[in-house]
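Q:
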Amino acid sequence: QRAGGEYSLHEVLDIIHTAKGSELEVIPLVQTFGHVEFALKHPEFARLREVPESPQALCPSLNASMDFVEKIIDQIIVRDVGSGAYVTVTDSKLK
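What the sequence shown shows, in the numbering used here, is residues 20 to 114, in sequence order.
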């Protein structure tokens, strides 16, 4: 279920192609423990929430949370979403 506002894979690949034509490198940003409402708002991922009532952050003490993050990164790498060898991983909610 798409929430609206997100890019389709085709649109992302078009952006990457346009960037390459301008000699720019696209480096994907992967939200890890915070800012993952896009997934945690769905019932099948609710068990991964840090706070059960809030879909904003993954619980870092759950192994399943790490599996979730790894799958997101793998999808970006497998789909070649990015022109180089870099992926920016952020954990702004962990201190």
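All residues carry an ideal CB built from backbone N, CA and C; glycine is no exception.
Values in this document were obtained by computation on a predicted structure and should not be read as measured data.
#1: Under three-state DSSP, which class holds residue 49?
#2: Does the separation of the CB atoms of residue 91 and residue 31 fall below 8 Å?
#3: Would you tell me roughly how many angstroms separate the C-alpha atoms of residue 41 and residue 80, rounded to the nearest one?
#4: Give the DSSP-derived three-state secondary structure of residue 70 in the structure shown.
#5: If distances are taken between C-alpha atoms only, which option among 53, 24, 26, 45 comes closest to residue 75?
A: Straight from the coordinates:
#1: strand
#2: no
#3: Put simply, the backbone Cα of residue 41 is about 42 Å away from that of residue 80.
#4: strand
#5: 53
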